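Colleague: Residue numbers (the working numbering), protein chains in the order written: chain A, 5 to 356; chain B, 5 to 356.
We treat Cβ as the ideally placed atom computed from N, Cα and C, and that holds for glycine.
Since the structure is predicted, the reported quantities are computational estimates derived from the model, not experimental observations.
1. Can you say whether residue 66/B is buried or exposed, counting buried as having 16 or more other CB atoms within 10 angstroms of its CB?
2. Using 8 Å as the Cβ pair cut-off and three pairs as the minimum, do the region 185-201 of chain B and the region 117-132 of chain B touch?
3. How close, in whole Å, do the beta carbons of residue 185/B and residue 156/B come, if the pair is a contact with beta carbons under 8 Å?
4. One question on the structure: do residue 86/B and residue 159/B come within less than 7 Å of each other, judged by their Cβ atoms?
5. Report yes or no: is there a C-beta of chain B within less than 7 Å of the C-beta of residue 264/A?
6. With a cut-off of 7 Å, does the C-beta of residue 82/A fall near any C-beta of chain B?
7. Quick check: what's the CA-CA separation for residue 290/B versus residue 317/B?
8. Note down, in chain order, every chain B residue with its Cβ under 7 Å from the Cβ of residue 258/A.
9. Grab me the residues of residue 10/A's own chain with a C-beta within less than 7 Å of its C-beta, minus the 5 sequence neighbours each way, in chain order.
10. Judging by CA-CA distance, which residue of 59/B, 250/B, 262/B is the nearest neighbour of residue 225/B?
11. Rounded C-beta distance between residue 36/A and residue 344/A? I'm assuming under 8 Å.
12. Relative to the C-alpha of residue 215/B, which residue among 145/B, 241/B, 153/B, 70/B is closest?
13. Quick one, which of 104/A, 148/A, 124/A, 323/A has its alpha-carbon nearest residue 283/A's?
14. Just to confirm, are residue 212/B and residue 151/B a CB contact at a threshold of 7 Å?
15. According to DSSP, which residues form a beta bridge with residue 102/B?
16. Which residue wins for smallest C-alpha separation from residue 288/B, given the options 109/B, 335/B, 256/B, 19/B?
17. Tell me, please, whether the CB atom of residue 151/B is closer than 7 Å to any CB atom in chain A?
18. Entirely within the region 125-181 of chain A and at least 4 residues each: give me those alpha helix (DSSP H) ranges in chain order.
19. Would residue 165/B pass as an interface residue toward chain A - the criterion being a Cβ-Cβ separation below 7 Å?
20. Runs of 4 residues minimum, wholly inside the region 221-307 of chain A: which ones carry the alpha helix (DSSP H) assignment?
21. Closer than 9 Å, Cβ to Cβ, to anything on chain A: give me those residues from the region 216-228 of chain B, in chain order.
22. Going by the beta-carbon positions, is the gap between residue 341/A and residue 292/A smaller than 7 Å?
23. Take every Cβ of the region 131-138 of chain B, pair it with every Cβ of the region 68-84 of chain B, and state whether three or more of those distances are shorter than 8 Å.
24. Look up residue 81/B in the DSSP assignment and say whether it is helix, strand or coil.
25. For the beta strand (DSSP E) containing residue 329/B, list its first residue and its last residue.
26. State the start and end residues of the unbroken beta strand (DSSP E) segment that holds residue 20/B.
27. Do you know whose CA, among 167/B, 247/B, 227/B, 201/B, lies nearest residue 259/B's CA?
28. Could you tell me the distance, in whole angstroms, from the CA atom of residue 43/B to the CA atom of residue 103/B?
29. Considering only the beta carbon of each residue, do residue 327/B and residue 27/B sit closer than 7 Å?
30. Could you tell me if residue 96/A is buried or exposed, where buried requires 16 or more neighbouring beta carbons within 10 angstroms of its beta carbon?
31. Could you name the residues of chain B that residue 176/A contacts, counting a contact when the two beta carbons are closer than 7 Å?
32. Under the three-state reduction of DSSP, which class applies to residue 187/B: helix, strand or coil?
33. Note down, in chain order, every chain B residue with its Cβ under 9 Å from the Cβ of residue 169/A.
34. What does residue 173/B reach in chain A if we use C-beta pairs closer than 8 Å?
35. If I follow the unbroken beta strand (DSSP E) through residue 210/B, where does it start and stop?
36. Below 8 Å on the Cβ atoms is my guess for residue 257/B versus residue 273/B; work out the distance and round it to an integer in Å.
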């Protein structure tokens, strides 16, 4: 394979010193970029864009043309697995993701089959291969999946939810049934992420968007257990390099110690936790990724720069930190402000 | 004043031993009760019910007729202060609270005046007086208010919000303006809660429903500072008894140490934190209130009982714990399940 020209991101994930703190942004290929909106218009709806290898590759690379990012992330959705399982993912205009056929009975769950990525989700691995080739060693490529619990919430609710009434009712009244579902999803995620790694993903991230709605004990039993199972089941090396795994539970700041014990390499942090206190709690066990509130990107350059400096200072050393937002960049952000953010990370962390 | 027949709640707030762990439920007077729905139907809309002294008193007392609760809480809304400031609170059917005149300019904020409860919110103090009289010493009465930050989010957004874009934009781009608003709100809350105490409230709780959407440093600066100011400004004793203050920041589990340093008496906990680890962190500085996930009330009696036992065991002693849900009880819960919950708390914590 081509030599990697910028390995800051991989070095930080391995907790090795770096010349500058690496940075990327969740949802960096997205609606805040006019060039993205143009391609999206061409493709039609969101899933058509995900399924079009050339266009998915194009939008993945777009932010790298504008900004000095240290990683690329596959353009896709966290709900591709339930879609491949037959639930019929769609996006109603102005609303979040929905399923035509949400899980409504025990039989629905019993009949679900673990996916085979090589048959069911070739559009994803095709995109990974093409992006990796097009990147040509510029920066590492991140593959990703939703966590089993997060996928289950959407599959049970049929869409996003305020209080996850259906999913939690199943958790408390039919825990075995939920475990059956989560186990199928964990096996599917393992297959899916391993296929992405074999196709060229050099790092993988598991997005546990809704782990934070659970109680401490329910989180351990219904979300973290399955993420740990995935970490165990992943290919450890590809192209002679380790393949690091990042776990990101939004709202998971209370549970970092348990997350760090899964064997993962890095924890994603949302903005509610002070990154210095997070580092103190996990020690050198894992790297940390985060954690600026994306809302700060609406502020003046000085405010963005001050916050970047504060977070770098709070983390306090030059190894083991991947700078990122605490959640995805929102469509209303001016690309110039994203550039100020990214440049500030490199400037203020520069060891020279 | 009448002698208090059940002081378990006050004893627990003072971290004194109790015969049984006291329990109440956030939103215990609410839509899950058929007798509430009937009175609500009589009153018309939600605010008409709040403003009708007799009916507000009636629904406050309803859950005490059904369940062995150890406290009553004033039936009202957290948004009475902004309504009194002229923003025009209303509830559209099936939606959350909204304002006819949200804050849209600097002038809107500059023109706001600190409320005078004795003039602007007599319907609240009238209800407190009547409820206290009708309770006749049965259990203590809790008064409450929204926190300044939480009130500000609704006032700026005009309604609840997914990402609080307007409020956060103000926080990061016009922090002085937001501080001006928060200061007016803190002074209003002090006046409001002191008026409730003088009218008969024996405990007060500050609901910081949206503190948890802030970063660690923004929480300290824009939410906790103002709650601390309120704690400082409250009347400390009434009827020869201390008036304890409970702070509840939903999603505030990472910040307990700072909250405990405000001089408050008790911290409300949502269900995401293990109450034993919370107690370990705050020591004997404050009592703790919480923290069962209200979703568990949908489960079978055995599951509810097991969870009550687990939380009691995690807290681990018989002083300083007020049992509660981690958030309000939802309208879909069967009253019988609420009874199972409340009885379980008393049964499993009984020292006899």
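Modeller: In short:
1. Result: buried.
2. With the cut-off at 8 Å, the region 185-201 of chain B and the region 117-132 of chain B touch.
3. With 8 Å as the limit, residue 185/B and residue 156/B qualify as a contact, their Cβ atoms being about 5 Å apart.
4. For residue 86/B and residue 159/B, yes; Cβs fall inside 7 Å.
5. It does not; no Cβ of chain B falls within 7 Å.
6. Not closer than 7 Å to any Cβ of chain B, the Cβ of residue 82/A fails to qualify, so no.
7. Spanning the two alpha carbons is a distance of roughly 18 Å.
8. Near residue 258/A (Cβ distances below 7 Å), the residues of chain B are 257, 258, 276, 277.
9. Contacts found: 74, 142, 143.
10. If you compare the alpha carbons of 59/B, 250/B, 262/B with that of residue 225/B, the shortest gap goes to 262/B.
11. The pair is not a contact, with the Cβ atoms about 13 Å apart (cut-off 8 Å).
12. Out of 145/B, 241/B, 153/B, 70/B, 153/B has the C-alpha closest to the C-alpha of residue 215/B.
13. Cα-wise, what sits closest to residue 283/A is 323/A.
14. Between residue 212/B and residue 151/B, the gap from beta carbon to beta carbon is short of 7 Å.
15. DSSP lists 94/B, 163/B as partners of residue 102/B.
16. Shortest Cα-Cα distance from residue 288/B to any of 109/B, 335/B, 256/B, 19/B involves 19/B.
17. Residue 151/B does not count as touching chain A.
18. Fully enclosed alpha helix (DSSP H) runs of 4 or longer: 126-139, 152-161, 169-177.
19. Closer than 7 Å: no.
20. Within the region 221-307 of chain A, complete alpha helix (DSSP H) segments of at least 4 residues are found at 229-237, 260-264, 279-286, given in chain order.
21. Against chain A - using a Cβ distance shorter than 9 Å - the residues of the region 216-228 of chain B are 216, 217, 218, 219, 220, 221, 222, 223.
22. Residue 341/A places its beta carbon 7 Å or farther from that of residue 292/A.
23. As far as the Cβ criterion goes, the region 131-138 of chain B touches the region 68-84 of chain B, which means the pair count is three or higher.
24. Of the three classes helix, strand and coil, the one that applies to residue 81/B here is coil, per DSSP.
25. Residue 329/B: member of the beta strand (DSSP E) spanning 325-329, first to last residue.
26. Segment: none, residue 20/B is in no beta strand (DSSP E) and carries neither H nor E.
27. Checked all of 167/B, 247/B, 227/B, 201/B; the closest Cα to residue 259/B is 227/B.
28. In a straight line, the C-alpha of residue 43/B is about 25 Å away from that of residue 103/B.
29. If you check the CB distance, residue 327/B and residue 27/B come in under 7 Å.
30. With fewer than 16 other Cβ atoms within 10 Å, it is exposed.
31. In chain order: 299, 300, 302, 303, 307.
32. Three-state result, residue 187/B: helix.
33. Simply 299, 302, 334, 336.
34. Residues of chain A passing the Cβ test: 299, 302, 303.
35. Run containing residue 210/B: 207-212, per the beta strand (DSSP E) assignment.
36. 7 Å between Cβ atoms; contact.
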